[in-house]
Amino acid sequence: MSWPILTVILFLPLAGALVIAAIPKERRRLIRGVAVGTAAAVLGLAAVLLVAFYALPNPSHSRLSGSVSGQSLHRVVSPITFQFQEQASWLGSLSELGQGPSSLNQGNNSVNQSIPPPINATYHLGVDGLAVWLVALTGLLFLIAAVAVRRREGMLKTFAILMCISETGVLGVLLSLDLVLFYFFWEAALIPLYFLLLGFGGERRGPAALKFMVYTVAGSLFMLLAIMGAYFIGGAQTGIYTFDLPTQILIQTSVHAGHPTSLTLFGHTLRFLTPAQWLFLAFALAFAIKIPLVPLHTWLPDAYESGSPPFLVFFAGIVSKLGAFGFIRYCLTLFPGPSHTFQPVLLALGVTSILYGALMALRAVNIKRMIGYASISHLGLVVVGIFALDVDGLNGAIIQMVNHGLIIAGLFLCAGMLEARFHTRDRRQLAGLARRMPIFAGLFLVIALAAFGMPLLSSFVGEFLILLGAFEVGPAWAVAAGVGTVIACWYMLRLYQGVMQGSERVPAHAPAGFHDLRRVEVAVLAPLVALIAVLGVYPEPIIRDTRFSANQYVVSADRGVVPTPASPAARTVGPSTGAPP
Amino acid sequence: MTIGSTFATVGAAVVLGLPLAGFLVISLGGRRLPRAVVRWLGPGVVLAAFACVLVLLAATLLRPAADRSVTVMLWQWLQLGVPKVHGVPGALGFNADFSVTIDPLALVMAAIITGVGGLIHVYSVGYMAEDQGFNRFFAYMNLFVTSMLVLVLSANLVFLVIGWSMVAFASYALIAFWYERPTAVAAGRKAYITQVIGDLGLVLAAFLIFVSLRGPTGALLHTVSLPTIFANVGPGPHFHNGLGGSGSGLVTLVGVLLFLGAAAKSAQWPLHTWLPDAMEGPTPVSALIHAATMVTAGVYLVVRFHPVFQQAPIAAGLVAVVGIGTAWMAGVIGCTQHDIKRVIAYSTMSQIGLMIFAAGIGAYSAAIFHLFTHAFFKALLFLAAGNVIHAVHDEQDLRQLGGLRRRMRLTYPAFLIGALALSGIPIFAGWFSKEELLGSGLVLGPVTPWLWVIGVSINALTSFYIFRVVWTAFHGAPRSEPAEAAREAPKVMTIPVLILAGLATVAGFLEVNFAGWHPLNLFQAFLQPVVGVVRAHAAAGADAAALVAGTLLSVFGLGVAWLVYGRRLIPADLVSRRLPWLYQLSFRKFYWDETYEVVFARPVLRLAEGLTRVVEPNVFDGVVRGVRDAIGALAQDFRSFQTGYFREYATVFFAFAALALLFLGLRIA
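In the order they appear, the protein sequences are chains A and B. Everything in the first sequence is counted per this note's numbering, starting at 3 for the first residue and increasing by one. Everything in the second sequence is counted per this note's numbering, starting at 6 for the first residue and increasing by one.
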């Protein structure tokens, strides 16, 4: 790609926001048009990116291995293959960075620490099989959200601007290959999301927005500390002070794990965690809050209950994936050792989330809260897949992140359509709607089935692979996660059947007479359902892209269990030559 | 090289593609599609698929017995194999192709599914003629046939699982077809959740096989291809072969998990409670799903995985005992039910139990043969019962029927043939298959004599409860106005019933060899390449004795039913007065529903309730609130935390960041 496609994708929504800001707020049609147009353009570019990524020659023969020059056998290649990379000076200069990886193996300890390190943070973008599909998902969900916003919506202009800004934030998180840049976008996405939650939605949105904000800021702070920690620890040992992710991945695996933190109390010395483990935990905390994992989840039901449906499409659809994305992109690569050390802990948290979320969903009567708990349950499964730390599990987790985005967005759209018609979120007040809303019933049924892993719908492949991966770690994990599937069938069927089947019942305060889906409603729901079906029947495109990256991340994480610091090259070149047959 | 693999590929693709196309056209066409089209399209695709199955069957029969199995790949579905090291082909990762096996077993199943299924589709055109959801009905029926064909044709464990779960969904959709009835909705959900539990068993078995199956060299195979699994599961040159050798814990666990899946599909204890409730669906559904096809999938699974069960005697014994136990229990329950369809449903559960028993003791061919004849006579019974229900305006209570013999002159003999075949009265199909099954039970199983005694006693129960239906529904005087006004069903419904009646009469002659009277032994010889030869007929004398005893017991049950309900010489309430506990046990279906409600459903809901009321607000949210309140109480200035202004957060953020920099900087220095 000769032109900086990633930068264009990244800043297009921001440009859209600026355009919208210039439009008078009375011109609602135009505002909505620009918002939809911007989102459509981003999706179009994301599709171009996807096709270009798919069309790349086999990743093992890509330009990256070509860059390994003959004379430097010690040249280290990043264990993760990033494509379409763009890099520019930002807070630090590029020239300093160039020498980074090659000097890694030469005299690590001969660094003069008296020189204050430069802030080596660059504007570095790139995608891999993990990010490229999430970028596409982002494009799709923001477009659907833009279409789903009604023109009558109060403060349409504000909503549109905030939505566009948050899209840039989310895309930045996915595209950045620099820790500072990543953190910048991570926080930048938070601000518009907070105001979107605060300004639009149900009656209890104020406290919900605050809770969300406090939670995530608390998590982010620890992550910031950890980023600093990685920077200084890595720098102190190797002399390379940089925030660049590919370089930092190499640095973190070559640094000495460090001594456990010790605490001397009354003459007894307690040893806890090594610095790397502290850093891992700080990152993990931020990501676990974002996902969220039980017990850090209590912001979610409130936020999902009070959010407006178009907001929830991307909030639940993509923002919740950022946590899982972070686990894969940052925890597995930067801290392979701790990833293995804490594998049982995270598996346990994942399984707890699956079962706890499922049980809470079983009990919930508020449809949106129920979907929220279902989301916790499903993302618990994703975390189980990630921390199975094998190819099947991780591949399933990546696929499932995309699927879950489609499914949860569809569920919230359905909930929103019901709420718009009947002014209720209580599933007990509705029954038997299928007879008068057959199109809605059909689309809702497909989404509900996909939510518990019906074969030939998208989530089956993901769930199957995750369970397989978990099974290979320990059958008990797979059994526990599988029980979650059974409960998921129970609560999803109860929701679908309760609302759509039986004899018709609508709340007394609902407007008289209701109709099946309008054309615009079909237009937002049908693409999701079609994708759910297509990716279920034919998962090859997504799997082709993700399996290679999944393998790379697993190999990257595996560096944590095999201590061979002497030959980092041999360990890390492996994955890029290991191509799919 | 005989049926070219191209031929098999095309054949399999057509067999699968026709019902699938029917489903897609009808479901996407929705209400716009005229009924006149659906009326022909729905049954048409299934019958055309049946014709195609017959062609495949003929092509298979033309070949030597040893060469009757062909596996072809239709679609490379998933390929996740990523080599770990350069140059070495990777074993890690998961490859799943959509391959199909065309072999005698698959063909028998496919013929039943499309043949009996096609007849039931034709019948449905009449039965559902008045229904609002005519098109939806045929869409789901075609989907069901497709799913079932995927299940039986698949040569890949993953696609077996996929077909397995698709069948569960189609069955749910058809049970809850009349979705405005709360009972139908609840029945559909119960059926589906039970199936998902079974699916979990099957999936876990698949994982176990995938993770631990070893090849001839002792290396892990990581395969989900059924032929490869079956070829390697047995004893081999290497000592690590298969799943850990005969009788090992691993292979036993695989067998038990497989059976969990089979039990859910085939309504065997402990996952049997969904089947009677499933009678809420339209009657053709009961005939197709709950008699001829879906419930037999469990039998198919056990027979298909017989190489695994042969290595796992404990699991196989469990299968046999559960099968015979379920058969007996369902027979007892069937004697006291009042709903005509429920009686037939329990008889299905009972007959499937016998097949499962046979599959457990290793009489695979006998199990499939009984499956084959059972498909005819049980579909016949359901469809004939459907005629009755149709004629009396959806009345299913036996106490409201009576005297239909004179009003339904075609349905009555058809039902009678079905009842005779089910009871195992000589010359009807059920007699051949059931006696062969029980006879092989006597000579094969581990504790056979005792299991055989149970099995043969079921004969008496069976003929008793089905002739109870015959006499109460068709004989005597009409006991309600609809029964008085009943009229015969239209031709489109009676013709399939009569065809099935003919098949239920003659199908048994395909296997005339039991007891060694006749050398002709078509069916067993046909299945022999797949399931091998049964080590039966060791004691022909015992076989013959078993045959006589079984037949006599069937006649005995018939006679008792006649005395009680025909001649009324024995009062019908004899048992309920003398042995009220026994009657209640049977009438209340052994209290399994209540037990599960108390043991599973309620505790789970209670737990959910407890989490919602106590844990969530007090523990998880409580901690958050506590932290917030503590901060609030700590200093008035910090109240601004709760105002939601971003600048406050920013301040805190930068303060912490600065602190962190300072701290880390100091440490490193």
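Cβ atoms here follow ideal geometry from the backbone N, Cα and C, with glycine treated the same way. Being a predicted model, the structure only gives us computed values, none of them experimental.
Mind pulling the chain B residues with CB within less than 9 Å of glutamine 499 of chain A?
What glutamine 499 of chain A touches in chain B: Ala181, Tyr184, Val190, Ala191, Gly193 and Arg194.
Looking at the secondary structure, which residues open and close the beta strand (DSSP E) in which isoleucine 107 of chain B lies?
Counting along the chain, the beta strand (DSSP E) containing isoleucine 107 of chain B begins and ends at 100 to 107.
Unbroken alpha helix (DSSP H) runs of length 4 or more, entirely within the region 551 to 623 of chain B: which are they?
With a minimum length of 4 residues, the continuous alpha helix (DSSP H) runs that stay inside the region 551 to 623 of chain B are 579 to 583, 585 to 592, 597 to 601 and 607 to 615.
Please report whether the beta-carbon of tryptophan 188 of chain A lies at a distance below 7 Å from any beta-carbon of chain B.
Chain B contact via Cβ: absent.
Measuring alpha carbon to alpha carbon, tell me which residue in A/Leu381, A/Asp560, A/Ala138 and A/Ile369 is nearest alanine 54 of chain A.
Of the listed residues, the one whose Cα sits closest to alanine 54 of chain A is A/Ala138.
Would glycine 538 of chain A pass as an interface residue toward chain B - the criterion being a Cβ-Cβ separation below 7 Å?
Cβ-Cβ to chain B under 7 Å: no for glycine 538 of chain A.
Rounding to the nearest angstrom, what Cα-Cα distance links glycine 122 of chain B and glutamate 185 of chain B in this structure?
Looking at the two C-alpha atoms, the distance is approximately 26 Å.
Can you give, in chain order, each stretch of the alpha helix (DSSP H) that sits fully within the region 303 to 363 of chain A and has at least 4 residues?
DSSP runs (the alpha helix (DSSP H)) wholly in the region 303 to 363 of chain A: 311 to 316, 322 to 328 and 338 to 343.
Enumerate in chain order the residues of its own chain whose CB-to-CB distance from tryptophan 492 of chain A is below 7 Å, with the five nearest sequence positions on each side excluded.
Once the five neighbours on either side are set aside, the close Cβ partners of tryptophan 492 of chain A are Leu364.
Does the CB of leucine 616 of chain B have a neighbour CB from chain A at under 7 Å?
Judged by the 7 Å Cβ criterion, leucine 616 of chain B is in contact with chain A.
Could you give the C-beta distance for alanine 380 of chain B and isoleucine 117 of chain B, rounded to a whole number, given that I count them as a contact under 8 Å?
With 8 Å as the limit, alanine 380 of chain B and isoleucine 117 of chain B qualify as a contact, their Cβ atoms being about 5 Å apart.
Here's the rule: buried if 16 or more other CB atoms are within 10 angstroms of the residue's CB, otherwise exposed. What is histidine 311 of chain B?
It counts as buried.
Counting C-beta neighbours from all protein chains within 10 Å, is the total for leucine 106 of chain A 16 or more, i.e. buried, or is it exposed?
Here the model assigns leucine 106 of chain A a pLDDT of 43, short of 50, so the residue's position is not dependable and the matter cannot be decided.
For histidine 395 of chain B, name the three-state secondary structure that DSSP assigns.
Helix.
I'd like to know if glutamate 474 of chain A contacts chain B, where contact means its C-beta is closer than 7 Å to some C-beta of that chain.
Yes, contact with chain B.
Can the beta-carbon of glycine 231 of chain A be found less than 7 Å from the beta-carbon of leucine 281 of chain A?
Yes, the pair counts as a contact, with Cβ atoms nearer than the cut-off.
If you pair each beta-carbon of the region 414 to 432 of chain B with each one of the region 462 to 480 of chain B, do three or more pairs fall below 8 Å?
Contact holds: three or more Cβ-Cβ distances are below 8 Å.
Which value, in whole angstroms, describes the spacing of the CA atoms of leucine 47 of chain A and glycine 141 of chain A?
If you take the alpha carbons of leucine 47 of chain A and glycine 141 of chain A, they lie about 9 Å apart.
Could you list the residues in the region 652 to 663 of chain B with a C-beta less than 7 Å from some C-beta on chain A, going in chain order?
Hits within the stretch, in order: Tyr654, Phe658, Phe661 and Ala662.
What residues are listed by DSSP as bridge partners for glutamine 84 of chain B?
Beta-bridge pairing links glutamine 84 of chain B to B/Asn100.
Short check: CB of leucine 334 of chain A to CB of alanine 559 of chain A, under 7 Å?
Taking 7 Å as the Cβ cut-off, leucine 334 of chain A and alanine 559 of chain A qualify as a contacting pair.
If distances are taken between C-alpha atoms only, which option among B/Ala144, B/Thr199, B/Leu456 and B/Leu323 comes closest to valine 485 of chain A?
The candidate whose alpha carbon is nearest that of valine 485 of chain A is B/Thr199.
Since glycine 266 of chain B contacts aspartate 204 of chain B with CB under 8 Å, what's their CB separation in whole angstroms?
Confirmed, Cβ separation roughly 7 Å.
Consult DSSP for alanine 543 of chain B and reduce its assignment to one of helix, strand or coil.
Low confidence applies to alanine 543 of chain B: its pLDDT is 49, below 50, so where it sits in the model is not reliable, and the reading given next is rough at best. Three-state DSSP puts alanine 543 of chain B in coil, outside helix and strand.
Report back the beta-carbon spacing between glycine 204 of chain A and leucine 302 of chain A to the nearest angstrom; my notes put them in contact at under 8 Å.
So it is not a contact: roughly 14 Å between Cβ atoms.
Do the region 408 to 424 of chain A and the region 465 to 474 of chain A touch if we need at least three Cβ pairs shorter than 8 Å?
Cβ pair count under 8 Å is below three, so no.
From what residue to what residue does the beta strand (DSSP E) around valine 475 of chain B run?
Segment: none, valine 475 of chain B is in no beta strand (DSSP E) and carries neither H nor E.
I'd like to know if proline 457 of chain A contacts chain B, where contact means its C-beta is closer than 7 Å to some C-beta of that chain.
Yes, its Cβ sits closer than 7 Å to a Cβ of chain B.
Considering only residues of the same chain and omitting the five flanking positions on each side of alanine 133 of chain A, which have a CB-CB separation below 7 Å?
Hits under 7 Å: Leu176 and Leu177.
Does the beta carbon of leucine 612 of chain B come closer than 7 Å to any beta carbon on chain A?
Yes, because at least one Cβ of chain A sits closer than 7 Å to the Cβ of leucine 612 of chain B.
Along the chain, where does the beta strand (DSSP E) containing threonine 124 of chain A start, and where does it finish?
Taken as a continuous stretch (DSSP letters only), the beta strand (DSSP E) holding threonine 124 of chain A covers 124 to 129.
Is proline 187 of chain B close to chain A? Criterion is C-beta to C-beta, closer than 7 Å.
It does; some Cβ of chain A falls within 7 Å.
When the Cα atoms are used, what is the spatial distance from threonine 341 of chain B to phenylalanine 592 of chain B?
So the alpha carbons of these two residues sit roughly 5 Å apart.
Helix, strand or coil, according to DSSP, for valine 77 of chain B in the structure here?
Note: valine 77 of chain B maps to strand in three-state DSSP.
In the DSSP assignment, find the unbroken alpha helix (DSSP H) run with glutamine 316 of chain B in it and report its ends.
Run containing glutamine 316 of chain B: 311 to 316, per the alpha helix (DSSP H) assignment.
Would glutamate 599 of chain B be called buried (16 or more neighbouring beta carbons within 10 Å of its own) or exposed?
So glutamate 599 of chain B ends up on the exposed side.
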